[in-house]
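This report concerns only the one structure given below.
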Amino acid sequence: MVTSSQPLAALSRWAPLAMLAASVAIGALLSNVFPADFASSIPLTILLFGGRLALAIVDPPLGPRAGATFVAANLAVTLVGSMFNPLLSIYGFAGYVDLERYMPARLRMPAVIATALVIAAGQTGGLPGVVGLPLLYVLLAVVNVAIALMMFGRARDRERQMREREEAAVALARAHEANAELHRQLADSARERGVAEERARLSRELHDTVAQGIVGVIRQLDAIDETAMDAATRTRVERATLAARDCLVDARRAVRELAPRELSETPFPDAVQDVARTWARANRIAIEADLDEAPKTSPHEAAVLRIIQEALTNIARHASAGSVRLVLAASGEGIELVIADDGVGFDPAQPSVGLGLAGMAARIREAGGTFVIDSAPQEGCRIEVKIP
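Each residue of the sequence shown is one higher than the one before, counting from 46 in the numbering used here.
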């Protein structure tokens, strides 16, 4: 497959030969016009032609040293040849192409100036012109150097712009990959959170409705006066009581299964302690967990545990805190939770505040509780939760 760079590479290989041929042909036609000795330039022209043809055919990848040697030798021979055939200055412009292909970057500036001086020698009329009209040579040299430096500067600007565009494209591609990965993580997190929230909701519903209803049925059955019943009725009541107790066992098992895994085999305070300890170790942030007055169990323990996890996650991501204090206690009104950090804080009224806080507030409202945030920039953050 031919790429767009291949025609340009072929042109840079063969165009100098065409420019050399044109220099020789025009120099021969105008040999009577210039006072220089055209015949003396023929051996040097043959040398230039042979070296350029060999380079065009083989086109080896020259290293920095070989490239600099070739450019220097080519300029030297062109300069001497221009003394006898001023029209070799046409071929001299090929030196600018050679600079881009073969000359190391650190030597391109002096090579640009040298090429401009060689071309000026031919434009002055060769050796007679340089000797007889030195001021003209100086003037042409200054003009050529100025133009060459301007072209060199524009080329450097193009290279810089291309490099910046390539770097920007790479950075954009990396940002796109990071954004896609973040979207995947957010989607996975949202899916996991949704599943966990639904399981917690079902667990609360089973506990607050089915399990409590069965407990009420059992209490009603236990309150029946057995002395007022005949044997058959007593048997039916005993069977109903046994069935109700079996249903209660199954309901409580379902509640445990649907609860967060941290609560599956661990008492509520211990589960909170494990979450705090694991978080502190993973994020290297000191945390003081006061759980002395924490309730042993609660119908809302799954929601409270999720709120603690969400609050600690937000602190690790955004607060830059050095320490955190967590207090969980049972009161006459239910559960009280306080999470405070000494981080950078924020303005809760800003619309840019993340969805995590809104999610926690919604979770508390579903449980019939209150959710209060006290924070300000550079003053840390304090979250207070009360659930009846």
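Idealized CB from N, CA, C, for every residue including glycine.
Since we're looking at a predicted model, the values are computed, not measured.
Local Cβ density within 10 Å of residue i, reported as buried at 16 or more and exposed below that
i, result
"R151", "exposed"
"D143", "buried"
"L371", "buried"
"Q265", "exposed"
"S343", "buried"
"A434", "In the structure as shown, the chain begins at 46 and stops at 433. Residue 434 is therefore absent and cannot be evaluated."
"N77", "exposed"
"G95", "exposed"
"G459", "Since the first residue of the chain shown is 46 and the last is 433, residue 459 is not available in this structure."
"V317", "buried"
"Q453", "It is not possible to answer for residue 453, since the shown part of the chain is limited to 46 through 433."
"M274", "exposed"
"G140", "buried"
"V183", "exposed"
"A223", "exposed"
"G261", "exposed"
"A321", "buried"
"V294", "exposed"
"V176", "exposed"
Same chain, Cβ closer than 8 Å to residue i, five either side skipped, listed in chain order
i, result
"G413", "I432, P433"
Contact belief for residue i with residue j at Cβ below 8 Å, rounded distance in angstroms
i, j, result
"G425", "D392", "That pair is no contact at about 13 Å."
"I91", "L132", "Actually they are not in contact, since the Cβ atoms of I91 and L132 sit about 16 Å apart, beyond 8 Å."
"E338", "A375", "6 Å"
"L93", "L120", "About 11 Å; that fails the 8 Å criterion."
"I330", "V369", "6 Å"
"E271", "R279", "6 Å"
"M148", "A113", "6 Å"
"N328", "A361", "4 Å"
Alpha carbon of residue i to alpha carbon of residue j, nearest angstrom
i, j, result
"Q423", "A406", "23 Å"
"N130", "S86", "6 Å"
"S365", "A356", "13 Å"
"I352", "I409", "8 Å"
"D267", "A289", "11 Å"
"R325", "R146", "Position check: residue 325 holds Ala in this sequence, whereas Arg was assumed. Taking the straight line from one Cα to the other gives about 59 Å."
"P340", "E381", "10 Å"
"M46", "M196", "Low confidence applies here, because M46 scores a pLDDT of 38, under 50, leaving its location unreliable; read the following figure in that light. Their Cα atoms are separated by approximately 32 Å."
"A159", "E212", "33 Å"
"G137", "R205", "27 Å"
"E346", "R281", "37 Å"
"L62", "L178", "30 Å"
"G367", "E429", "20 Å"
"V349", "A421", "24 Å"
"P312", "T286", "29 Å"
"E378", "L336", "17 Å"
"V215", "G198", "25 Å"
"P109", "L75", "38 Å"
"S68", "L180", "25 Å"
"A403", "R210", "41 Å"
"E333", "L373", "11 Å"
"L107", "R58", "13 Å"
"N359", "I263", "44 Å"
"L247", "P314", "22 Å"
"A84", "V125", "13 Å"
"D319", "D202", "59 Å"
"A235", "H363", "19 Å"
"H221", "A111", "42 Å"
"A117", "R208", "28 Å"
"A276", "V255", "30 Å"
6 Å CB neighbourhood of residue i in its chain, flanking five on each side removed
i, result
"T323", "none"
"G174", "none"
"A186", "L162, A165"
"V417", "E429"
"V157", "A193, F197"
"R427", "A385, D419"
"M128", "G171, L172"
"T415", "K431"
Contacting residues, own chain, Cβ-Cβ under 7 Å from residue i (five flanking each side not counted)
i, result
"V122", "L89, L92, L93"
"C292", "I259"
"I269", "V282"
"D82", "F129"
"F115", "L107, Y147"
Near the ligand ADP: residue i beta-carbon under 8 Å from a heavy atom
i, result
"S68", "What this structure holds is no ligand at all, so the ligand ADP is not there to describe."
Pairing CB atoms from the stretch 159 to 174 with CB atoms from the stretch 87 to 101, are three or more of them under 8 Å? At 8 Å Cβ cutoff, the stretches do not touch.
Are the stretch 189 to 207 and the stretch 221 to 231 touching, with three or more C-beta to C-beta distances below 8 Å? no
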